[in-house]
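In my numbering, the protein residues as written are 377 to 867.
Laid out in structure tokens, this is it:
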């Protein structure tokens, strides 16, 4: 399967946001993406996509190879084959032509997985291959060498005549040279540093929170227990911001007040690249079932002596044990009460408690939010402004969630309970208690402040609701209109 056109479009969109003056010269690429022909196939004319790699060492030099066919000194690269992404194509080409391994390379913090340059250049006709004159639309990706000294290269004799490391100012491609010199002013220096961040979350009493990842192709380390976290994006001002964004996306209900840099670990990306990871330590003592997990299978607490029984991300067991040795579990009464399933009184079924805002405007319309299409719960459905109670009073939770999600300010004294929903989604799901509160007054205008969860706020007539409303929200709205205080669903 060739790289998805949607992914290529996203790369191009982001690139043009940073280089809007290049839109005209990239018209051949826009045309190729709009045509029926496969834009990455070398059989597509009058032009097709190719990929190159700008491999940068710690002396700020870029690897060039002697290309036998063109008799030019070029950055390693070539045609897209059966590659998952364009970046994977560039990585494959540089490894085939130079003998470097993917693990010898890592992404740069300045450019990450985006192309540093996209160049359109003419290619002469090649009658022996039946190829007319055409254009290459070359996506250039930047990589750092992981090691301090360039490794010994094993060049591909069939296509490559030699190799040279050239300073940025001597890079042969004018467009790539300009991009490198510009990026150098913003820190592109050949020095690898973490581009991912993970959270080593513990409760201070010997337990560690681990995340079971989805068993899917195309994701890093599928089907293993790992730490929550992910890769830096261009809009993240720092790695702690990366981690907080990832936590908000993966487990919105997980609030870690303090995150402290603990260690730098190295993992391997799905393409085989080295991935330096900044691990932050944070303390939390809560029930993982209440965090509204959006990615992966589950979150669970584990003690170090349980790790040998789990399929773990490489190196995670040693990391946890090292932290546990350096931070012995506290003794004595816990500073926060945590009641697990096993600690509850016999016969007790623990419930998840959620708060919901019933807000009416001057026209008696109700405020509902449209959940994100990628949401694990109720995608593309309208729902109350809502959140799960942490270790806090329900009304305090409502006040907090209202400001965090929509920028609205409500006073606790202006809130009244108008309905309660006792809900169970399935025989194996944990039951839920939904508290619906009416706010008699508020200040502010609804804003989309958590776009990964809600994409729109809208006022609706309670007698003319859309079809796509979360069922228990609809039931609560109808019951409130009828003057009923209680609803049961799923029992």
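Just so it is clear, CB atoms sit at the ideal spot from N, CA and C, and this is done for glycine as well.
For residue 728, the enclosing beta strand (DSSP E) stretches over residues 728–734. Collapsing the DSSP output to three states places residue 426 in a strand. Comparing alpha-carbon positions, the option among 527, 615, 524 and 565 lying closest to residue 543 turns out to be 565.
Fewer than three Cβ pairs drawn from the region 828–843 and the region 788–804 lie within less than 8 Å of each other, which leaves the two stretches out of contact. By a beta-carbon distance limit of 8 Å, residue 625 does not contact residue 532. Their separation comes to about 41 Å. Here residue 592 carries a coil assignment [DSSP, helix/strand/coil].
The beta strand (DSSP E) runs of length 3 or more contained entirely in the region 667–700 are, from start to end of the chain, 674–678. Assignment of residue 808 by DSSP, reduced to helix, strand and coil, places it in the strand class. Under the DSSP assignment, residue 753 falls outside any beta strand (DSSP E); it carries neither an H nor an E label.
Between residue 493 and residue 551 a beta carbon distance of about 5 Å is seen, short of the 8 Å cut, so the two are scored as contacting.
Between residue 423 and residue 510 a beta carbon distance of about 5 Å is seen, short of the 8 Å cut, so the two are scored as contacting. The C-alpha of residue 569 lies about 29 Å from the C-alpha of residue 826. In this structure residue 598 is exposed. Its beta-carbon is surrounded by fewer than 16 other beta-carbon atoms within 10 angstroms. With 16 or more other Cβ atoms from the protein chains shown falling within 10 Å of its own Cβ, residue 615 counts as buried. By DSSP's assignment, residue 544 forms no beta bridge with any residue. In this structure, residue 602 places its C-beta atom within 8 Å of the C-beta atom of residue 586. With a cut-off of 8 Å on Cβ pairs, the region 839–857 is in contact with the region 743–761, counting three or more such pairs. In the DSSP assignment, the residues bridged to residue 864 are 798.
Distances from the alpha-carbon of residue 729 to those of 523, 762 and 701 put 762 closest. Taking a 10 Å sphere around the C-beta of residue 662, we find 16 or more other C-beta atoms and assign the residue as buried. Per the C-alpha coordinates, the member of 780, 444, 694 and 471 positioned closest to residue 830 is 780.
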